[in-house]
Ligand SMILES: Cc1cc2nc3c(=O)[nH]c(=O)nc-3n(C[C@H](O)[C@H](O)[C@H](O)COP(=O)(O)OP(=O)(O)OC[C@H]3O[C@@H](n4cnc5c(N)ncnc54)[C@H](O)[C@@H]3O)c2cc1C
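Residue numbers (the numbering used here): 42 to 449.
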């Protein structure tokens with residue numbers, strides 16, 4: 042039992058036992074061939090349908106939406122989603138495809154939507170029947186998110202949306218989008234308003250973008266006179282920036298969702314870039330001069346990463362200590378930064394240890410571990426960019442958490 046688990050109450054431990062038993066009683070059958078490595082890489086309808094079926098099954102069993110009120114499709118429990126996530130992960134349960142819905146849209150809707158919208162939108166997020174995407178980034182608004190230029194103009198009880206979003210993960214499967222749009226050009230921050238946009242309505246064009254790995258999980262989205270009912274606005278006109286902060290707080294690590302992002306297509310849930318897999322690789326990989334485990338430079342790099350991984354686990358336990366919750370974003374920001382950079386540096390070491398064979402990618406019979414390492418390395422860059430780049434995380438930590446002077 043981990044130290045984090047030791048802090049759980051008897052009710053939470055009972056819930057853990059229930060989850061474990063349910064997962065034993067409902068073994069995961071074979072997945073369709075070529076399953077992607079994580080939710081951001083799903084491109085085939087067959088894969089999405091398979092994952093949605095499992096998400097619905099888990100929701101019906103009470104393993105999803107655990108901490109949300111019953112009237113919104115939840116279980117009304119306290120701090121139990123983390124337990125269900127841990128158990129699903131332990132049991133090799135398929136990853137949950139509705140990552141934007143569960144991790145970002147649901148908490149934002151809970152905090153900022155009307156009672157009517159909460160009852161309408163939250164249950165199908167938990168069941169996975171309605172997939173969500175996030176329409177924040179634009180060609181000129183990524184790190185500088187408040188520069189959003191897509192416009193929302195009021196026309197009676199409707200809003201007319203025009204503009205261009207980019208890097209929109211899962212838009213091609215989505216029924217809804219959380220959308221940040223400009224309602225006033227005179228004020229950068231107070232000119233933003235937050236909506237939920239129906240992706241099934243007229244006035245939307247979705248165009249796929251291909252990543253360095255060859256997968257196309259994200260898209261450009263173009264709006265041409267999309268109509269949204271005013272009842273799909275979250276909070277007041279002009280408060281979009283504050284609502285977006287709720288979304289980002291959850292996006293940057295608070296959701297605790299299981300989202301494996303470093304596993305190659307043909308290995309399903311088989312491999313991850315963690316300390317154990319690196320040690321195994323150091324023992325077995327024949328780089329360009331014998332096993333890396335015998336090379337003092339690789340041994341040193343490996344030890345540095347093991348120390349960072351240990352520090353990361355110790356750091357995560359701070360979430361159990363209320364006195365350390367002095368700033369709402371501290372842990373989420375630190376976790377996102379630590380995790381994404383550790384995975385990237387680990388994948389880089391793995392590439393080096395496999396020597397010249399590291400250039401052999403998936404599909405090559407001679408590629409070490411089926412091409413896991415180059416795939417993991419290329420895919421790791423998305424994690425240090427999405428949800429705010431590492432530079433931006435450091436700026437926010439420095440300025441808002443540590444109170445250092447703002448950069449000019
Ligand atoms: C895998 C993936 C999935 C994504 N999914 C979505 C999605 O579903 N919805 C969505 O809305 N967006 C999504 N994004 C977009 C993501 O949020 C942006 O890519 C990110 O915010 C960076 O914005 P940008 O790409 O415009 O880069 P820019 O903001 O142009 O940054 C370029 C470079 O300049 C640096 N930089 C910029 N400003 C500063 C500064 N003030 N100080 C120091 N350095 C700075 C950055 O760190 C970066 O290295 C996704 C991105 C990825 C990689």
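Backbone N, C-alpha and C fix where the C-beta goes; we use that ideal spot for every residue, glycine too.
DSSP beta-bridge partners of residue i
i: residue 193; result: 202
i: residue 175; result: 219
i: residue 261; result: 248
i: residue 268; result: 201
i: residue 236; result: 220, 274
i: residue 148; result: DSSP output for residue 148 lists no bridge partner at all.
i: residue 332; result: 327
i: residue 182; result: 179
Residue i to residue j span [Cα, whole Å]
i: residue 157; j: residue 412; result: 49 Å
i: residue 393; j: residue 387; result: 10 Å
i: residue 451; j: residue 398; result: Only positions 42 to 449 of the chain appear in this structure, which leaves residue 451 out of reach.
i: residue 123; j: residue 60; result: 11 Å
i: residue 276; j: residue 95; result: 33 Å
i: residue 208; j: residue 165; result: 24 Å
i: residue 261; j: residue 150; result: 24 Å
i: residue 125; j: residue 331; result: 43 Å
i: residue 221; j: residue 203; result: 12 Å
i: residue 335; j: residue 379; result: 28 Å
i: residue 323; j: residue 333; result: 5 Å
i: residue 104; j: residue 228; result: 43 Å
i: residue 29; j: residue 137; result: Since the first residue of the chain shown is 42 and the last is 449, residue 29 is not available in this structure.
i: residue 64; j: residue 120; result: 19 Å
i: residue 410; j: residue 88; result: 23 Å
i: residue 255; j: residue 239; result: 29 Å
i: residue 382; j: residue 370; result: 18 Å
i: residue 408; j: residue 326; result: 11 Å
i: residue 285; j: residue 183; result: 13 Å
i: residue 437; j: residue 258; result: 28 Å
i: residue 253; j: residue 112; result: 43 Å
i: residue 216; j: residue 141; result: 12 Å
i: residue 442; j: residue 290; result: 13 Å
i: residue 115; j: residue 188; result: 35 Å
i: residue 181; j: residue 422; result: 20 Å
i: residue 246; j: residue 83; result: 19 Å
i: residue 435; j: residue 230; result: 22 Å
i: residue 90; j: residue 339; result: 43 Å
i: residue 57; j: residue 128; result: 7 Å
i: residue 25; j: residue 118; result: Past the edges of the chain, shown from 42 to 449, lies residue 25, and the structure says nothing about it.
i: residue 468; j: residue 265; result: Examination of residue 468 is not possible in this model, given that the chain is present from 42 through 449 alone.
i: residue 232; j: residue 414; result: 45 Å
i: residue 154; j: residue 163; result: 10 Å
Ligand 2 heavy atom lying under 6 Å from the CB of residue i
i: residue 427; result: Ligand 2 is not part of this structure, which contains only ligand 1.
Ligand 1 heavy atom lying under 6 Å from the CB of residue i
i: residue 395; result: no
i: residue 177; result: yes
i: residue 259; result: yes
i: residue 173; result: no
i: residue 155; result: no
i: residue 58; result: no
i: residue 414; result: no
i: residue 215; result: no
i: residue 292; result: no
i: residue 423; result: yes
i: residue 82; result: no
i: residue 183; result: yes
i: residue 87; result: no
i: residue 265; result: no
i: residue 21; result: As shown, the chain starts at 42 and ends at 449. That puts residue 21 outside it, with no answer to give.
i: residue 382; result: no
i: residue 256; result: no
i: residue 432; result: yes
How about the stretch 67-85 and the stretch 128-135: do they share at least three Cβ pairs that are nearer than 8 Å?
-> yes
Can you find at least 3 beta carbon pairs, one from the stretch 373-385 and one from the stretch 419-431, that sit closer than 8 Å?
-> yes
At a cut of 8 Å, does the stretch 343-358 reach the stretch 404-419 through at least three beta carbon pairs?
-> no
Any contact of the stretch 264-273 with the stretch 231-238, i.e. 3+ C-beta pairs under 8 Å?
-> yes
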